[in-house]
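Step one of this worksheet: look at the structure below.
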Amino acid sequence: MASVAATHAEHPVGLKRWLFTTNHKDIGTMYLVFSLLMFFVAGSFAMLIRAELFSPGMQIMKPYFFNQLITMHGLVMIFGAIMPGFVGFANWLIPMMIGAPDMALPRLNNWSFWILPFAFTLMLSSFFMPGGAPATGWTMYAPLSIQAGVGMDCVIFAIHMLGISSVLGAINIIVTILNMRAPGMTLMKMPMFVWTWLITAFLLVAVMPVLAGTVTMVLMDRHFGTHFFSAAGGGDPVLYQHLFWFFGHPEVYIMILPAFGIISQIIPTFSRKPLFGYESMVFATASIAFLSFIVWGHHMFTVGMPAPAEMFFMYSTMLIAVPTGVKVFNWVATMWRGSLSFETPMLFAIGFLVMFTIGGLSGLMLAIVPADFQYHNTYFVVAHFHYVLFAGAAMAMMGGSYYWLPKWTGHMYSETVGKWHFWLTTIFFNLTFFPMHFLGLAGMPRRIPDYALQFTDLNRVSSIGAFGLGLSQLLWVYVVYQTVKGGKKATDRVWEGAEGLEWTLSSPPPYHSFATAPTVK
Amino acid sequence: MSLSFKNNRLSGPLILSVTRFAAAVAMLFGAGSASARIRWNFQTPVTPIAHQIYHLQNIMFGVCVVIFVIVFGVMFYSIFAHRKSKGHKPATFHQSTTIEVLWTIVPFLILVAVAVPATATLVRMENTSDSALTVRITGYQWKWQYSYPGQGISFFSDLSTPVAQIENQEPKNKHYLLQVDHPLVLPVGEKIRFQITAADVIHSWWVPSFGVKTDAIPGFINQSWTKIEVPGTYRGQCTELCGMGHAFMPIVVKAVSQKDFQKWVTAQKALMVASAGGVATTAGSVATAATWTKAQLLSHGKTVFVNNCAVCHQVTGLGIPGTFPPLSAGRTFSAAPAMLQQLRTRGFLTSSGHVVMGPVKNHLRIVLGGIPGTPMPSFSGQLSNADIASVVTYERNSFGNHTGDIIQPSEVAALR
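In order, the protein sequences belong to chains A and B.
Following my numbering, the numbering of the first sequence begins with 106 at its first residue and continues without gaps.
Following my numbering, the numbering of the second sequence begins with 5 at its first residue and continues without gaps.
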């Protein structure tokens, strides 16, 4: 974004600009670029996993290395690609959407970002430690994580750093939204994206410390002779799972609520019609966030919980379907009798809607405890959470990037390449993950490097889909690169149906968004 | 595969057409796996609970398909009819209390309707009382131990697929990765209670046809039950990531008539008496009193090594750098300082970081008791004296080691 830099002489250039910047746009850009980089790092692990699973038998790696790959694929995608990606969107958009000049705590903002490269250097360096990266899965269940090599300690400290980064970022977002809105912008006039991030930020502040505490207990068990999770010393291995999932379930919503926000911005624009049921959208988001704290047990129905606890977690989990359903119905109602057009962001939003709902419905199936005993830890679960995290979170970010890229860069992207990116992603995504539902039903456990012969055919389909899905993402990088470099000049409003303060600024917007606050009626 | 659709009234035709399409796609890729057939739903249920779960799954699937078709029927109609390119002018409505209340309450009622049968099944699943037989299942890295406390029988069940098949040097047989040396034998028509636990990390015992999946957790004894309706062989796998051998600890259950089960119990008891210390070994009924020749020790030792040690230390004995030390003298090994210290104090690592063959007694003690704080487990409960004597003899005379040591089962017995 050299053109942005050229128009403002008052800030440093070159490396110093990025190291010392306190500007929300520069920091947003760094978050987004970092997230894209991590998306490819973790994606390349997925390619290796699918290559090994192309045929039964061990082909290109040892089981131990396979387990390291699945662990790091999960950790890097979640903490490196999805979470920083959404923080990037928040940085770029929240000040522009609420009519503020910048984030409330700009220097903190700089620090939140710059922790990340160090944290991930530490996390990825675990591959080169004696014993390699943790081979425990991203859930790091004790006592398996107590057995692991030094790589586990690298990951534990990296998680501490990421936790600090996330909590600081979240505090910054809360403070910005609550204090820096333009005159007249009441809470119930905020764009949905701002609302979803406000709620997400509270979730982050609530649960990241729980994860930090939990991995610290693992660290203590590993090196300082405690027995929090070791039954032989009077500890409780199941306690780890309760703590982890008390973090883990809100974490799932941390990764999906901002996606809801992005979709709620895109669909009204291309339907040329206001969002249906704004108030119910806000309340649905808040209810989902509240419920996320009381459903963690559904990740561990098979640990031997008493029946009343299983019933409680079953009912509370099923309840989530109600506000989630409300959101999906509202989006469809927004499109209903609109004046629809199908530019790339809208395609991604519709793709999100259909495929996220598939993931939501399989989630409802997983909530049914007796049936969960069959689905649990099979490929059915792998299919389910990729439908919500890839088709949900990642595709929402893809759609969001096409939607705001003209605003951010001042250039229109290539609609042709964008559409190719959408269709290839959608086709290959389904080719990769739809067969996994059937593999899971038929009895293939997840996290295995080798499988019985009856699973061969569907695994082949899945692997071919995965390679296609991975390659298709290069188109995204290409189109982003092209748009940043140049292209047709974008208008200020960019889209015919776009509503909101960010579209009143020039494209690209000035270095400091709103030097004087606009008034919202 | 069409068998699995017998109960699926709601969605049968839809899935069948998907089935045909997917089967056609699969044929394109199926060159190497002509014997394998694709299954699109749960494995055939053979217990009352598994039938109920199958039924629940089909109800849920049907409900989900109906909701999906309605919601996206509306959406795709809108995409078709309300396009800007067709000149459709946008409406301006953005709320409707009636419809919003309606689509909050209707899904809630649907949920209540499916929660009722789910709760009923759950209550039945949790009732482990009035069982005729108790089986205790213990998960180890990476094998299962089955005990029948009432019958005094106990044995280990190990993967029996040869390493050569896993490493693609031999063609894979029909039950690749789903076969064991000693299957769990159960009678049909009786309520059987499982008590499930683990010795090291968390495992999970799953037989899909029974609808039983229960985590095996160290320090806990989880209970579940089953009542098998049809004799046959049923296969499952460990479903909780438990380390590098996670994919290689299958479950095989042979369900037999009650008469055959009694016969099997009698035969097993005789075997238990014959084998040493009441531990039925991976070698079956090997006597321990006799003196063994070096050749016997080496050949039996190799089998024991491949079944118990090779997952970590590798068939080549070269281990894995950083975690699992090589067993070959002269090789270097570096890992966490605590682990290196454990090896040094036992005399198996020089100060320069090279592996050496330490004293025989320490070697035997490591195998018997494990090394606390490292992944090396205790084998005293899993292997007989003869097994341990053989495997230690094998290790000290293979992988480039030439100590010439010959260890007799009596020496192991003396250290127990």
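Glycine included, C-beta positions come from ideal geometry on N, C-alpha and C.
Please read these numbers as outputs of a predicted model, since none were measured by experiment.
Practice item. Verify the CB distance criterion: does B:Ser89 have a CB-CB separation below 9 Å to chain A? Key: Judged by the 9 Å Cβ criterion, B:Ser89 is in contact with chain A.
(request) Compute the beta-carbon to beta-carbon distance between A:His265 and A:Ala317, rounded to the nearest angstrom, for a pair I have assumed lies under 8 Å. (result) 6 Å
Do A:Phe478 and B:Arg43 have their beta-carbon atoms positioned less than 9 Å apart in this structure? no
- Verify the contact flag: B:Lys178, CB atom, against every heavy atom of the ligand COA, threshold strictly below 8 Å. Because no ligand of any kind appears in the structure shown, any question about the ligand COA cannot be addressed here.
Report the rounded CA-to-CA distance for A:Ala501 versus A:Ala454, giving the unit in angstroms.
Rounded to whole angstroms, the gap between the alpha carbons of A:Ala501 and A:Ala454 is 7 Å.
Jot down the residue ranges of each uninterrupted alpha helix (DSSP H) in the segment 397 to 435 of chain A, minimum 4 residues, whole runs only, in chain order. DSSP assignment within the segment 397 to 435 of chain A yields no whole alpha helix (DSSP H) run of 4 residues or more.
Query raised in the report: Applying the criterion that 16 or more other CB atoms from any shown protein chain within 10 Å of the CB defines a buried residue, is B:Ser37 buried or exposed?
Result: Confidence at B:Ser37 is low in this model, with a pLDDT of 42, below 50, so its placement is unreliable and the value that follows should be read with caution. So B:Ser37 ends up on the buried side.
- Tell me, to the nearest whole angstrom, how far the beta carbon of A:Tyr518 is from that of A:Thr588; I am working on the premise that it is less than 8 Å. 4 Å
B:Phe72 and A:Thr462 look like a contact to me (Cβ under 8 Å); what is the Cβ gap, rounded to whole Å? 7 Å
Going straight from the alpha carbon of A:Val431 to that of B:Thr132, what length do you get?
40 Å
Problem set entry | Whole-angstrom distance between B:Thr336 and A:Ala389, CA atom to CA atom | 60 Å
The alpha helix (DSSP H) enclosing A:Arg327, as first and last residue numbers: For A:Arg327, the enclosing alpha helix (DSSP H) begins and ends at 297 to 328.
Check: In its own chain, which residues sit with a C-beta less than 7 Å from the C-beta of A:Gly497, not counting the 5 before and 5 after it?
Finding: The answer, listed in chain order, is Ile361, Ala364, Phe457, Phe461, Gly464.
Using a Cβ cut-off of 9 Å (strictly closer), state whether A:Gln370 contacts chain B. Not an interface residue.
#### Entry: Test: A:Asn482 CB closer than 9 Å to a CB of chain B
yes
Run through the DSSP bridge pairs and tell me what B:Asp219 is partnered with. B:Ser208
Taking only the alpha-carbon atoms, compute the straight-line gap between A:Met208 and A:Phe184 and give it to the nearest angstrom. 22 Å
Compare the C-beta of B:Pro111 against all C-beta atoms of chain A and say whether one is closer than 9 Å. yes
If contacts are defined as beta-carbon pairs under 8 Å, then A:Gly575 and A:Met152 qualify, I think. What distance do you get, rounded to the angstrom? 5 Å
What residues in the segment 152 to 174 of chain B have a beta carbon less than 8 Å from any beta carbon of chain A? Gln169, Ile170, Glu171, Asn172
Can you check the segment 211 to 264 of chain A for any alpha helix (DSSP H) of at least 4 residues that lies completely inside it and give the ranges in chain order?
-> 211 to 230, 249 to 252
Contact set between B:Ser208 and chain A, taken where Cβ atoms lie within less than 7 Å = Thr407, Asn482
Roughly how many angstroms lie between the CA atoms of B:Ala390 and B:Leu115, to the nearest whole one? 59 Å
**Item:** Cut-off 6 Å between Cβ atoms - residues of its own chain near B:Arg239, not counting five sequence neighbours on either side
**Value:** Leu182, Val256
7 Å Cβ shell around A:Met386 - same chain, five flanking residues per side excluded
Met297, Ser369, Leu380, Lys432, Asn435
Spatial distance of A:Arg286 from A:Ala205 (CA atoms): 6 Å
Which residues mark the beginning and the end of the beta strand (DSSP E) in which B:Ala202 is found?
196 to 202
ask   = Among A:Met503, A:Ser567, A:Ala499, which one has its Cα closest to the Cα of A:Ala488?
value = The residue with the shortest Cα to Cα distance from A:Ala488 is A:Ser567.
Cβ neighbour criterion (16 or more within 10 Å) applied to A:Ala253
By the neighbour-count rule (16 or more Cβ atoms within 10 Å), A:Ala253 is buried.
Checklist entry - Taking DSSP as the reference, what is the three-state secondary structure of B:Thr142? => result strand
Practice item. Give the DSSP bridge partners of A:Pro550, in chain order. Key: A:Thr483
Going along chain B in order, which residues have a C-beta closer than 8 Å to the C-beta of A:Thr241?
Leu245
*asked:* On the criterion of 16 or more Cβ atoms from any shown chain inside 10 Å, does B:Asp134 qualify as buried, or is it exposed?
replied: exposed
### Message
Which residues in chain B have a C-beta closer than 7 Å to the C-beta of A:Ile553? List them in chain order.
### Response
His250, Ala251
| So, does the CB of B:Ala287 fall closer than 9 Å to a CB anywhere in chain A? | Because B:Ala287 carries a pLDDT of 42, less than 50, the predicted location of this residue cannot be relied on, and no value is offered for it.
Q. Any idea what DSSP makes of B:Cys68, helix, strand or coil?
A. helix
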